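Below: one structure, written as structure tokens.
Protein chains: 2
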Amino acid sequence: MITVHLKKLRQRIEISSDEERVIRDSVAEIRRIPADQLVIRAGEELSSSLMLLDGWMARSKDLAEGERQVTQLHVAGDFADLHGFTLKRLDDDIATLSDCRVAVVPHERIRDITERYPRLARAFWFSTNVDAAIQRELALSLGQRSAISRMAHLFCELYVRLNIVERASHDSYEFPLTQRELSECLGLTVVHANRTLQELRRRGLVELQSRHLTIRNRLGLEGVAEFNPNYLYLDEHRL
Amino acid sequence: MITVHLKKLRQRIEISSDEERVIRDSVAEIRRIPADQLVIRAGEELSSSLMLLDGWMARSKDLAEGERQVTQLHVAGDFADLHGFTLKRLDDDIATLSDCRVAVVPHERIRDITERYPRLARAFWFSTNVDAAIQRELALSLGQRSAISRMAHLFCELYVRLNIVERASHDSYEFPLTQRELSECLGLTVVHANRTLQELRRRGLVELQSRHLTIRNRLGLEGVAEFNPNYLYLDEHRL
DNA sequence: GCGGCGCTGTAACCTAGGTTAGCCGCAAAT
DNA sequence: ATTTGCGGCTAACCTAGGTTACAGCGCCGC
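Those sequence lines, one after another, are chains Z and U.
Following the working numbering, the residues of the first sequence are numbered contiguously, the last one being 236.
Following the working numbering, the residues of the second sequence are numbered contiguously, the last one being 236.
Listed below in structure tokens is the structure:
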């Protein structure tokens, strides 16, 4: 069931029952993918896109010496490689971080939908544009925020995004990343990611144990992060 | 004349004369904007987008203490805030870095075009997706590349992008940014940006004087940058 | 013609974060 | 029941890049 994705869409725009049916019918197949699998390699030719129904995925790019930068985290409700519809191949790898359930949507169906339902076409376009906005905020983090601010910012962002799809409650959520993976999101070494996490704990801002994150002081955390959710475009949109 | 933009589009896809006319007719007005003007402030409501015909623009985000990160540079042929069409407001500021000529395209015309010319709709969508790919490569730079590699990478990327629209020749192009602005693109301080530039000069890789950049050793520069233009999606696309 | 200011360039010093190395605890494999 | 390997954590040390401060220079306004 792709109800998560609709939930996320409905956060920003109205979806008629007709449009809902069209989206549901676009799914060719539901697949389960175990954790830590490389799902799409950069450069591969693509003919379908993946809507993430459950679990976490990461998009990342590597340098020659093996340094890896995660360019985007995806959670339930995200259309992980929708940009592949126009690009035909990706410039980053996509891998699962946890066991995942995905809906496979063939590109020809996306093409059909965009040609016949201009409003949905704009909704899809909008969604890749929000992904780009998230990447810009990441650039701001990587370029200008300190390690602690960067990590705090990531935790704030994920809280908001998971909340929309009802994967968070009581300022807390499942966080399946290892510290190595977390460090790759933040442009830090594992060692420093650990130090930074300790510091967030010491200040009473977050707890993280056995893959479960709890925000102990949300205002405090948002403060050190300079978090402002504007870039997530959560307000209602007239498309 | 929006010939530059068409030149850039034609690099990737075929444009029929009919489609060309539609694009030309979408322009409501041509404006000149002097250097160092804030053109669009993050959050403003938008009703048109700007196609850059000549000159350079930068999109940037600031932190409270004034640290600024440039999230994207735009040159002739770029549709600077096309993402504003679906987002309705931007999350970053747009400013001119040099005197600019821009074509103003009202959103209602973009909407018309996308509804009546699905191929052009995909071309516009494609173009915002390539912008996002450039931002991902920037994240890789900011997160993982050293200062010298980052700067080299930027110079390589700009060479390729300017070449497409015939703004570069003989491995050299006009580069109107001050060192402060350059440093804001790279997540460095001005002082270190200067040191890094000196090092690139010392190694005989680039020259930069009076706002003119010359690549002295392209292979060498691409080497230190680990530059691979895949992420610019310059190959022909079937949309 | 000169005063000021923005840009480039340097030097001296400092620190956030990287590097290397190793420990502990736990869970899966044998 | 023991080994092996991975993830979390820490300590000691190091360095890329940040900070502060200033000098030279060209250009613009008066």
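For each residue, glycine too, the CB sits at the ideal point set by N, CA and C.
What you are looking at is a predicted structure, and each value in this text was computed from that prediction instead of being measured.
In the three-state reduction of the DSSP assignment, Pro226 (chain U) falls in the helix class. With a contact defined as Cβ atoms closer than 8 angstroms, Ser44 (chain Z) and Pro103 (chain Z) qualify at about 6 angstroms. Annotation for Ala32 (chain U): Thr93, Ser95 and Asp96 place their beta carbon closer than 6 angstroms to its own, counting only its chain and skipping 5 residues before and after. Taken in chain order, the whole alpha helix (DSSP H) runs of length 4 or more contained in the region 40 to 101 of chain U are 81 to 84. Rounded to whole angstroms, Ala61 (chain Z) and Arg56 (chain U) show a C-alpha spacing of 29 angstroms. Residue state for His209 (chain U) is assigned as strand, using DSSP reduced to three classes. Given a length threshold of 3 residues, each whole run of the beta strand (DSSP E) inside the region 119 to 193 of chain U is given here in chain order: 169 to 171. In this structure, the alpha-carbon of Glu11 (chain Z) lies about 39 angstroms from that of Asp59 (chain Z). Under the DSSP assignment, Arg7 (chain U) falls in the alpha helix (DSSP H) whose first and last residues are Thr0 to Arg9.
Leu117 (chain U) is bridged by DSSP to nothing; it lacks a bridge partner. The criterion of a C-beta distance shorter than 7 angstroms is not satisfied by Thr125 (chain U) and Arg119 (chain Z). When beta bridges are read from the DSSP output, Glu204 (chain Z) appears opposite Z:Thr211. His2 (chain Z) has a beta carbon lying at 7 angstroms or more from every beta carbon in chain U.
From the beta-carbon of Gly184 (chain U), the residues of chain Z found nearer than 7 angstroms are Leu139, Gly140 and Gln141.
For the region 195 to 225 of chain Z, the set of residues with a beta-carbon nearer than 8 angstroms to any beta-carbon of chain U comprises Glu223, in chain order.
Between the alpha carbons of Glu233 (chain Z) and Glu64 (chain U) lies a distance of about 30 angstroms.
In the three-state reduction of the DSSP assignment, Leu231 (chain Z) falls in the coil class. In this structure, Met54 (chain Z) lies away from Ala73 (chain Z), with their beta-carbon atoms at least 7 angstroms apart.
In this structure, Leu137 (chain U) places its C-beta atom within 7 angstroms of the C-beta atom of Gln66 (chain Z). For the region 166 to 181 of chain U, there are no residues whose beta carbon sits under 7 angstroms from a beta carbon of chain Z. Rounded to whole angstroms, Arg200 (chain U) and Asn227 (chain U) show a C-alpha spacing of 26 angstroms.
Proximity of chain Z to Phe123 (chain U) at the Cβ level (cut-off 8 angstroms) is accounted for by Thr83 and Leu84, in chain order. Here Val127 (chain U) is near Tyr230 (chain U), since their CB atoms are less than 7 angstroms apart. Apart from the 5 residues on each side of it in sequence, Lys85 (chain U) sits with its Cβ closer than 8 angstroms to the Cβ of Glu42 and Leu43 in its chain, given in chain order.
Remark: C-beta atoms of Arg38 (chain Z) and Arg98 (chain Z) do not approach each other more closely than 7 angstroms. Neighbourhood of Arg38 (chain Z) in chain U, by CB distance below 8 angstroms: empty, with the nearest CB roughly 12 angstroms away. Arg199 (chain U) sits in a helix when the DSSP states are folded into three classes. Neighbours of Glu64 (chain U) in chain Z, taken as residues whose beta carbon is under 9 angstroms from its own, are Leu137, Gly140, Gln141 and Arg142 in chain order. Of the candidates Z:Arg192, Z:Asp22, Z:Lys4 and Z:Gly220, Z:Asp22 places its Cα closest to the Cα of Val101 (chain Z). With respect to the 7 angstroms criterion, Ala165 (chain U) and Ser180 (chain U) are not classified as neighbours on the basis of their beta carbons.
Neighbours of Thr111 (chain Z) in chain U, taken as residues whose beta carbon is under 7 angstroms from its own, are Pro115 and Ala118 in chain order.
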